[in-house]
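A.B. asks: Here it is: the structure, laid out below.
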Amino acid sequence: MRDSAPSEVIQALQAPVAGFQIRQAPVVIVWYLDTAAVDEQADRLRELLEAGALGFGERKREDLEEQLIPIFDALRESLEQPGLGEVDCGQGIAQATLMAFEQGLGTCCLGTPHTEQIRQNLGLPETARVLLLQTVGYPAEQPEAGGQRPRRPFEELFHLNTDGNPFPRAEEVVEELTAEGMFTAPAPLPWREAELEYLRRTLDLEEPGLL
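Here it is, written out as structure tokens:
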């Protein structure tokens with residue numbers, strides 16, 4: 022929270038693109054993962070077993086200790102590397118973004134080259150890996166945000182069974198989503214430039230620049 026964070030923490034939160042958001046946003050979430058968490062994976066697996074979320078049968082405890090935990094222990098070093106941990110954290114970021122939207126908030130995920138400085142100023146352990154910054158606040162622009170941005174064709178983004186085999190697009194689904202108002206008009210909307218100028222003046226941004 023901007024009104025409670027130490028000044029050195031706020032100063033460390035920088036991004037080369039759209040950094041004005043960090044200066045303006047009342048809340049900035051620092052998303053990170055601690056690779057040391059895998060050191061406790063055996064205990065977490067035992068907790069899952071006791072909670073009834075893992076294993077079955079009379080030998081489930083023996084199977085856990087003799088089979089599953091050794092497998093995870095052998096994978097410990099690889100699990101500390103970038104990969105699955107980022108996927109798990111990405112799911113959390115996506116859920117947070119959706120919940121913010123439901124509350125009428127706007128968010129933006131920003132990369133930063135100052136991850137080590139942020140880690141130190143937040144007092145995170147050396148085993149922590151800072152992933153990105155997410156600004157949170159009430160949006161000043163219209164919900165349409167200037168219209169639907171350009172996207173690659175559906176058939177280039179999604180494939181079925183093998184790469185290069187376009188996933189069949191169901192036009193009836195497109196029609197249903199359109200009827201439900203899930204698609205906005207393509208950008209640029211005619212009033213977008215006026216809105217951007219309003220945002221520039223409201224946020225007291227220098228001209229020219231990127232919003």
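When the letters of the sequence shown are read in order and numbered with our numbering, they come out as residues 22 to 232. Beta carbons: idealized from backbone N, C-alpha and C, even for Gly.
Check D60 in the structure and name its three-state DSSP category.
C.D. replies: As a working mapping, residue 60 is identified with position 39 in the sequence shown. Note: D60 maps to helix in three-state DSSP.
A.B. asks: Return yes when the Cβ of R150 is within less than 8 Å of the Cβ of L54, no when it is not.
C.D. replies: Taking the first residue of the sequence shown as 1, we reach residue 54 at position 33. Taking the first residue of the sequence shown as 1, we reach residue 150 at position 129. In contact: L54 and R150 (Cβ atoms closer than 8 Å).
A.B. asks: In or out: R140 buried (at least 16 other Cβ within 10 Å) or exposed?
C.D. replies: Position 119 of the sequence shown, counting from 1, holds the residue named residue 140. With 16 or more other Cβ atoms within 10 Å, it is buried.
A.B. asks: How many angstroms separate the CA atom of A72 from the CA atom of E61?
C.D. replies: Taking the sequence shown and counting its residues from 1, the one referred to as residue 72 is at position 51. Taking the sequence shown and counting its residues from 1, the one referred to as residue 61 is at position 40. About 17 Å.
A.B. asks: If you follow the beta strand (DSSP E) that Y159 is part of, which residue opens it and which one closes it?
C.D. replies: Here residue 159 refers to the residue found at position 138 when the sequence shown is read from its first residue. First-last for Y159: undefined, no H or E at that position.
A.B. asks: Is it buried or exposed for V51, if we count other Cβ within 10 angstroms and need 16 for buried?
C.D. replies: To locate residue 51, count along the sequence shown from 1; it is residue 30. With 16 or more Cβ atoms within 10 Å of its Cβ, V51 is classed as buried.
A.B. asks: Can you find at least 3 beta carbon pairs, one from the stretch 121–139 and one from the stretch 148–167, that sit closer than 8 Å?
C.D. replies: Flag = yes, the stretch 121–139 and the stretch 148–167 touch.
A.B. asks: Alpha carbons only, please: which of E29, I31 and F41 is nearest the one belonging to R221?
C.D. replies: Counting from 1 along the sequence shown, the entry for residue 221 is found at position 200. Answer by Cα proximity: F41.
A.B. asks: Is P209 closer than 8 Å to Q169 when the C-beta atoms are compared?
C.D. replies: Translated into positions along the sequence shown, residue 169 becomes position 148. Translated into positions along the sequence shown, residue 209 becomes position 188. Contact: no.
A.B. asks: Looking at L181: is its Cβ nearer than 8 Å to the Cβ of F188?
C.D. replies: Residue numbering aside, residue 181 sits at position 160 when the sequence shown is read from its first letter. Residue numbering aside, residue 188 sits at position 167 when the sequence shown is read from its first letter. Against a cut-off of 8 Å, the Cβ pair of F188 and L181 comes out as a contact.
A.B. asks: Give the DSSP bridge partners of G127, in chain order.
C.D. replies: In the sequence shown, residue 127 corresponds to position 106, counting from 1. G127 pairs with G158.
A.B. asks: Can you give me the Cβ contacts of F204 inside the same chain, cut-off strictly under 7 Å, excluding the 5 residues immediately before and after it?
C.D. replies: Locating residue 204 in the sequence shown gives position 183, where the first residue counts as 1. Only Q169 and L198 meet the Cβ criterion.
A.B. asks: Quick one: any contact between the stretch 84–91 and the stretch 62–69, if contact means 3 or more CB pairs under 8 Å?
C.D. replies: Yes, the stretch 84–91 touches the stretch 62–69.
A.B. asks: When you compare the CB positions of L85 and L70, do they come within less than 8 Å of one another, or not?
C.D. replies: Within the sequence shown, numbered from 1, the residue matching residue 85 stands at position 64. Within the sequence shown, numbered from 1, the residue matching residue 70 stands at position 49. For L85 and L70, yes; Cβs fall inside 8 Å.
A.B. asks: Give me the Cα-Cα distance between G111 and G104, rounded to the nearest whole angstrom.
C.D. replies: For the purposes of this step, residue 111 is taken as the residue at position 90 of the sequence shown. For the purposes of this step, residue 104 is taken as the residue at position 83 of the sequence shown. Each residue's alpha carbon lies about 11 Å from the other.
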